[in-house]
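Peer 1: Letter 305 of the sequence shown, counting from 1, is numbered 305 in full-length UniProt numbering, and no numbers are missing.
Cβ coordinates follow ideal geometry from the N, Cα and C atoms, glycine included.
Before anything else, here's the structure in question.
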Amino acid sequence: MLFGKEAMSAAESQLNRRPRRLRSSKQMREFVAETQLRPADLILPMFVADGIDAPNPIVSMPGVVQHTLDSLVEAVREAISVGIRCVDLFGVPLDSDKDAEGSAAWDKDGILNVALRTLRREFGDEILIMADTCLDEFTDHGHCGVLSTDRFGKVIVDNDATLPLYARMAVAQAEAGAHIISPSGMMDGQVAYIRQALDQAGFSDVAIMAYSAKYASAFFGPFRDAVGSSLQGDRRAYQQDPANIRESLLEVDLDIDEGADFVMVKPAMPYLDVLREVSERSLVPVAAYQVSGEYAMLKAAAAQGWLDERQVMMESLMAIKRAGANQILTYFAVDAARVLRGEV
Ligand code: PBG
1 MLFGKEAMSA AESQLNRRPR RLRSSKQMRE FVAETQLRPA DLILPMFVAD
51 GIDAPNPIVS MPGVVQHTLD SLVEAVREAI SVGIRCVDLF GVPLDSDKDA
101 EGSAAWDKDG ILNVALRTLR REFGDEILIM ADTCLDEFTD HGHCGVLSTD
151 RFGKVIVDND ATLPLYARMA VAQAEAGAHI ISPSGMMDGQ VAYIRQALDQ
201 AGFSDVAIMA YSAKYASAFF GPFRDAVGSS LQGDRRAYQQ DPANIRESLL
251 EVDLDIDEGA DFVMVKPAMP YLDVLREVSE RSLVPVAAYQ VSGEYAMLKA
301 AAAQGWLDER QVMMESLMAI KRAGANQILT YFAVDAARVL RGEV
């Protein structure tokens, strides 16, 4: 074998190894494609708001709205019609219904639980209904758990005081008809706590998609607009440091031990290395969340004419799938499914 300067040029080589042969036509490219995207891989995150009588556009997420119950039903019908198998629901309560504990989260008349019940009645098992299980939309301080003070007087998000509230929320969501519970608050032990509560309440058939490797990311910015977040400060004391990957592997192992049916990496594109490692290690399906800021970046550049929206949408989703995602949460779900079906 000859290397470097001694090596033969492609033209001189006896083998004449030419990778371009496998790129030479659309037929050949489709024939050798290693990764396939399907509408069924995509999960559509949706927002439903209390106290509005028409869908409310989210300015920093063009094309995404806060739904009324009626517009939510229609949008889920549309998602079903393009082959999507799962929607993920976030509730936006009235500011006046927020409190320190986030009690509207487990109130059966709270907006999220009403929406879950409405969708399950309307669609049964036609589509999987996933519920975001986290208190941040419901607390008046905007944190994912309840606050207390430590022995030095510092205000903290209290891990163990939050777990029973997540359990109440998850049980209320299962009662309302959620097929999948999706704890996103990054409290230690949340998956085990929720699993036990669901089982005790008779919901052993309800699955858990755990936000396992969730980073304290500025890419969540537009989401905070979408849910009218009350948060001051940040979530760095409970979400992960972008500098680290080892702890993602620990979080994933713990969540699987605790009973997670799926694990998730979030955000997606800036964390493809994490996604790859998690997908190699996980014995359960691995989801990735293309978050609000990832969506907003692509949309904003496309609106300027600086990127081709359809192509970057499909390329970004393909890259996330190639890195190891089995399911992808994306605000592009319906548009991407239409492209995959050849409708547009
Ligand atoms: C917390 C939650 C967040 C997102 C999903 N679940 C916000 C946060 O952790 O601050 C972000 C999703 C997105 O940015 O698209 N309930």
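Let me confirm a value: A36 is counted as buried when at least 16 other C-beta atoms fall within 10 Å, else exposed. Which label applies?
Peer 2: The displayed chain sequence assigns Gln, not Ala, to residue 36. So Q36 counts as exposed.
Peer 1: Tell me whether F203 counts as near the ligand PBG, meaning its Cβ is closer than 6 Å to at least one heavy atom of that ligand.
Peer 2: Incorrect: F203 has no Cβ contact closer than 6 Å to the ligand PBG.
Peer 1: Measure the alpha-carbon distance for L135 versus L165 and round it to whole angstroms.
Peer 2: So the two alpha carbons sit approximately 8 Å from each other.
Peer 1: Does at least one heavy atom of the ligand PBG sit under 6 Å from the Cβ of S292?
Peer 2: Yes; taking the cut-off as 6 Å, the Cβ of S292 has a heavy atom of the ligand PBG nearer than that.
Peer 1: What residue ranges within the segment 7 to 83 form continuous beta strand (DSSP E) runs of no fewer than 3 residues, ordered along the chain?
Peer 2: With a minimum length of 3 residues, the continuous beta strand (DSSP E) runs that stay inside the segment 7 to 83 are 42 to 49, 65 to 67.
Peer 1: Indicate the three-state DSSP secondary structure (helix, strand or coil) for L307 in the structure shown.
Peer 2: Residue state, collapsed to three classes: coil.
Peer 1: With distances taken between CB atoms, is the gap from S184 to D109 smaller than 7 Å?
Peer 2: No, they are not a contact pair.
Peer 1: Can you have a look at G51 and say buried or exposed, based on whether 16 or more other CB atoms are within 10 angstroms of its CB?
Peer 2: By the 10 Å Cβ count, G51 comes out exposed.
Peer 1: Is the separation between the beta-carbon of L89 and that of A333 shorter than 7 Å?
Peer 2: Their beta carbons are not under 7 Å apart, which means L89 does not touch A333 by this criterion.
Peer 1: Please classify P19: is it buried, with 16 or more other beta-carbons within 10 angstroms of its beta-carbon, or exposed?
Peer 2: With fewer than 16 other Cβ atoms within 10 Å, it is exposed.
Peer 1: Among residues of its own chain, excluding the 5 on either side of D53, which ones have a beta-carbon nearer than 7 Å to its beta-carbon?
Peer 2: So the list reads T68, once near-sequence residues are dropped.
Peer 1: Please return the same chain residues whose Cβ sits closer than 8 Å to the Cβ of P222, not counting the five positions on each side in sequence.
Peer 2: The residues are I58, S60, M61, S292, G293, Y295, A296.
Peer 1: Is it true that the segment 135 to 146 meets the segment 92 to 107, where meeting means three or more beta-carbon pairs spaced less than 8 Å apart?
Peer 2: These segments touch.
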